[in-house]
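Here the structure comes first, spelled out in structure tokens, and everything after it is commentary.
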Ligand SMILES: [Zn+2]
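Residue numbers (our numbering): 95 to 710.
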């Protein structure tokens, strides 16, 4: 169908007609909203500032429909996966044409998977054109609850205050990682390094490239015993953290780090970073362009409908037959929408020794991955998982090949002694990828492929000891506990602490890794934040990961009882629940038993800040 110029290409989806319709099916239209300006009822003519404009017609974009509920409130509908109307979780859209200080409530009303991490305190991410680093919307602004107005469906509501008129704001479920970014990364990775080889393994249904990257030292060297590790990622497009993990692994493997050098000597890594490029491009949650879940299709592959899986399976079969460099391990990287931490789905074997061997790599991962969750790790032979890569491949490849799904939370991980979930940042996902490389080093040392001394150079150690014999005896060094690498406790505290609570320690690291030397209560940085709309900012309770330090102020040095933006639900007030309405600081599943249509007032305050959003 050809569209004449100037016509809305989504007109045929009847998106707008449906938006005005009363009998909503809560599934949005077939396409994404395309610069959809929301005008108040009865308004005609040129749109004014504050008639906000929604758009999701970009790579990985997803927003199917918007309903204007009141001056402040909008119902947003996730566009279902193409040809997969039941799948609705990934969202990613922009908003512009806002007024400074405009406050809104967005309700995402058609999430298909009610059991998700919003129940555990996850909040959407936001950035704007002048502040391009993703920030999490503070938890006190986000609610996930069963809504009587939406047929008792779970609804994600969050409030937001726009602060800069000319900015374009973007909201998303988790850090996006697009098809273009994937190609750009591979261009960078493979163009100048001799240890990489890049090939196009297959084309998707919509003619996008599925690339295969081989990372090893000298492919021509046939003398050294080597094994092959295959890593697959992004079979589910909405699980973008798996792309960050995969990139972290690849970047580490090509680096000059001694562990990477040793691994390249003994292991051939075959990495397919994006198995479902169409789904990623389209902004789907789990499906291909044809609405297929590729990780349920491995046991029923069709050349025509699953070209990427077909090519991957052929590759694996060829690698499996190679006696010189045998295939040893297949990792399939995923992100989980309902569990925290890092964990593994593996297989069970009747042979107890085989099963023991299968559990070695996950045990090493438990030692090296921050936030590994043993309780979420599962080994099974479920029938309903027969079409997954790890189940299918373990039954068709040679017996010694281990296949796993590695899952990382879309939100965060738990840490001993801290009750809250610590959110992952993009850097946290990269770090997990680097730690996967360490796991392989330990694994292949344990299994005898890599000599035990490497890469620690034991000969150097002996030399040092022999030198010490000629020195004066020293006091033995006190035993110290080895602590894991940087975890930014203080910054994380800022996320969740009430303002009066002191910092956990006098010295701490910022999210960007800079050591902060300030004593508690002395203030950290300048107090002259430009603030929103030119206001001087006096307090920052929330700071985003990686936000510049100038924005941060000591939590303990604060004016008391500062007025704040507060949202009061009048329907709650009629029930005599003022305290109830104003004390909901925790992200809980909130039931709203409201008889009338939602009626929410926003009481504004003078306080404002440099952060992308104003606080409640
Ligand atoms: Zn998945």
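C-beta: ideal position from N, C-alpha, C; glycine also.
Annotation for residue 244: no alpha helix (DSSP H) segment contains it, and DSSP assigns it neither H nor E.
Taking non-hydrogen atoms of ligand 1 into account, the C-beta of residue 432 is found less than 7 angstroms away from none of them. Residue 448 and residue 197 have their alpha carbons spaced roughly 59 angstroms apart. Under the three-state reduction of DSSP output, residue 494 falls in the coil class, being neither helix nor strand. Apart from the 5 residues on each side of it in sequence, residue 383 sits with its Cβ closer than 8 angstroms to the Cβ of 176, 177, 298, 299, 300, 372, 373 and 376 in its chain, given in chain order. For residue 524, the closest C-alpha among the options 509, 470 and 463 is that of 463.
Under the three-state reduction of DSSP output, residue 412 falls in the helix class. Residue range 197 to 202 is occupied by the beta strand (DSSP E) that includes residue 201.
Residue 140 and residue 126 have their alpha carbons spaced roughly 23 angstroms apart. Comparing alpha-carbon positions, the option among 268, 482, 473 and 415 lying closest to residue 431 turns out to be 268.
A distance of 8 angstroms or more separates the beta carbons of residue 280 and residue 348. Not one heavy atom of ligand 1 lies closer than 7 angstroms to the C-beta of residue 293. In this structure, residue 343 sits near residue 325, with a CB-CB distance shorter than 8 angstroms. Of the candidates 380, 365 and 313, the residue whose Cα lies closest to the Cα of residue 184 is 380. With contacts defined by Cβ atoms closer than 8 angstroms, residue 146 and residue 192 form a contacting pair. Judged by DSSP in its simplified three-state form, residue 310 adopts coil rather than helix or strand. For residue 230, the pairing in a beta bridge is given by DSSP as 219. For the pair residue 495 and residue 427, the CB atoms are not nearer than the 8 angstroms cut-off. Relative to residue 302, the option among 311, 450, 310 and 272 whose CA is nearest is 272.
For residue 209, the shortest C-beta to heavy atom distance toward ligand 1 is 7 angstroms or greater. DSSP places residue 171 in the strand class (E or B) of the three-state scheme. Rounded to the nearest whole angstrom, the CA to CA distance from residue 214 to residue 515 is 8 angstroms. Using a cutoff of 7 angstroms, the CB of residue 389 counts as near ligand 1, since one of the ligand's heavy atoms is closer than that. Check the Cα spacing between residue 473 and each of 446, 129, 438 and 445: the tightest is with 438. Taking a cut-off of 8 angstroms for Cβ pairs, the stretch 202 to 213 and the stretch 241 to 255 touch, as three or more such pairs fall below it. With 16 or more other Cβ atoms inside 10 Å of its own Cβ, residue 400 counts as buried. Comparing C-alpha distances from residue 305 to each of 486, 282, 276 and 332 shows the shortest one belongs to 276. When DSSP states are grouped into helix, strand and coil, residue 389 belongs to the helix group. A Cβ-Cβ separation of about 7 angstroms places residue 367 in contact with residue 337 under the 8 angstroms criterion. Cβ contact annotation for residue 216 (same chain, cutoff 6 angstroms, sequence separation greater than five): 505, in chain order. From the listed residues 154, 160, 320 and 446, the smallest Cα separation to residue 132 is found for 160. The C-beta distance from residue 402 to residue 370 rounds to 7 angstroms, short enough to meet the 8 angstroms contact threshold. Residue 341: not part of any beta strand (DSSP E); member of the alpha helix (DSSP H) spanning 335 to 347, first to last residue. Within 10 angstroms of the beta-carbon of residue 479 lie 16 or more other beta-carbons, which makes it buried. For ligand 1, a non-hydrogen atom lies closer than 7 angstroms to the CB of residue 333. Closer than 7 angstroms to some heavy atom of ligand 1: that describes the Cβ of residue 428.
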